[in-house]
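For the sequence shown, full-length UniProt numbering begins at 1 and goes up steadily by one.
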Amino acid sequence: MGPRPKWTFCSANSAMATLPGGTPQRQPVHSDADFAHPDHPFALVVNIPLVTTTPENGSTEIWLGTHNGFGLDAQEGAHGERASGRIREELLRQRQEISPPLQPVIKKGSIVVRDLRLWHAGMPNTTQQTRVMLAMIHFAPWFRNRMRLELGEDVKPILENLEREGKLGLDVPVDWATREAVLEGYLNRGFGNSYDFSQEA
């Protein structure tokens with residue numbers, strides 16, 4: 001991907017306990033690269049579970065190797081739809097025969113790195129503990145993604161210090177906001193598929 005990837009997405013996702021009388025829900029298998037994209041690595045997703053994840057509490061289902069050899073023709077649903085990037089059923093059946101998906105157990109605080117193109121799915125949580133995971137995306141410096149982080153001004157000295165000490169190693173395009181503005185707006189952010197991970201022409 002090259003030196004100094006761009007960190008332009010920072011969020012989290014949770015698998016909540018199923019409500020009493022409810023039916024456990026799962027995401028369709030999908031790729032986060034639901035747009036025309038290179039057939040080589042251009043973006044890495046970094047996940048950090050804040051609790052140990054297991055199949056019981058909704059560890060993400062992953063389909064190893066699917067970041068290679070599959071493009072938009074493997075997907076259904078347009079970018080921005082709730083289930084955009086979902087993988088066609090016949091391809092899932094074929095892939096299941098070759099390399100079935102898995103739900104790994106991942107210790108709290110581990111760092112999981114995956115290609116943005118990898119097929120995956122959020123899975124139901126059958127426990128009473130919420131499964132929380134941080135999610136960040138780092139783009140290759142040559143990939144012209146326009147997204148920017150919005151961070152509280154209280155984080156600015158931390159990033160500046162890491163950069164000054166040569167420990168950051170990232171390009172961080174950021175719009176600084178007051179702590180109050182960040183806290184007031186964070187619950188009003190869009191879902192992951194409302195963000196544009198593509199690049200400008």
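By construction, the Cβ of each residue, glycine as well, lies at the ideal position given by its N, Cα and C atoms.
| Item | Value |
| --- | --- |
| Quick test of your reading: Lys-6 and Leu-50, contact by CB under 8 Å. State the CB separation rounded to the nearest angstrom. | With a Cβ gap of about 24 Å, Lys-6 and Leu-50 do not count as contacting. |
| Within a Cβ cutoff of 6 Å, which residues of the same chain sit near Thr-130, ignoring the five residues on either side of it in sequence? | Ser-14, Met-16 |
| Between Ala-121, Gly-22, Arg-117, which has its C-alpha nearest Asp-34's C-alpha? | Arg-117 |
| Write down every uninterrupted run of the beta strand (DSSP E) in the segment 37 to 122 whose length is 3 residues or greater and which is fully enclosed by it, in chain order. | 43 to 49, 112 to 115 |
| Going by DSSP, what residues sit across from Val-174 in a beta bridge? | Leu-149 |
| Skipping 5 residues on each side, what residues in its chain have a beta carbon closer than 8 Å to that of Asp-154? | Arg-179 |
| Give the DSSP-derived three-state secondary structure of Arg-144 in the structure shown. | coil |
| Verify whether the separation of the beta carbon atoms of Thr-60 and Val-105 is less than 8 Å. | no |
| Where does Arg-4 sit, in a helix, a strand or coil, going by DSSP? | coil |
| Under the DSSP definition of a beta bridge, which residues are partnered with Met-136? | Cys-10, Val-46 |
| Among Tyr-186, Phe-9, Val-46, Leu-72, which residue has its Cα nearest to the Cα of Asp-196? | Phe-9 |
| Just mark Gln-96 as buried or exposed, buried being the case when its beta carbon has 16 or more other beta carbons within 10 Å. | exposed |
| Could you pull out every residue in the same chain whose Cβ sits closer than 6 Å to the Cβ of Leu-151, ignoring the five residues on either side in sequence? | Val-174 |
| Could you compute how far the alpha carbon of Pro-38 sits from the alpha carbon of Gly-65? | 16 Å |
| Give me whichever residues DSSP pairs with Ala-17 in a beta bridge. | Asn-125 |
| Would you mind sorting Val-113 into buried or exposed? The rule is 16 or more other CB atoms within 10 Å of its CB. | exposed |
| So Gly-185 is in the alpha helix (DSSP H); what residue range does that whole segment cover? | 179 to 185 |
| What residue range does the alpha helix (DSSP H) around Pro-157 cover? | 156 to 164 |
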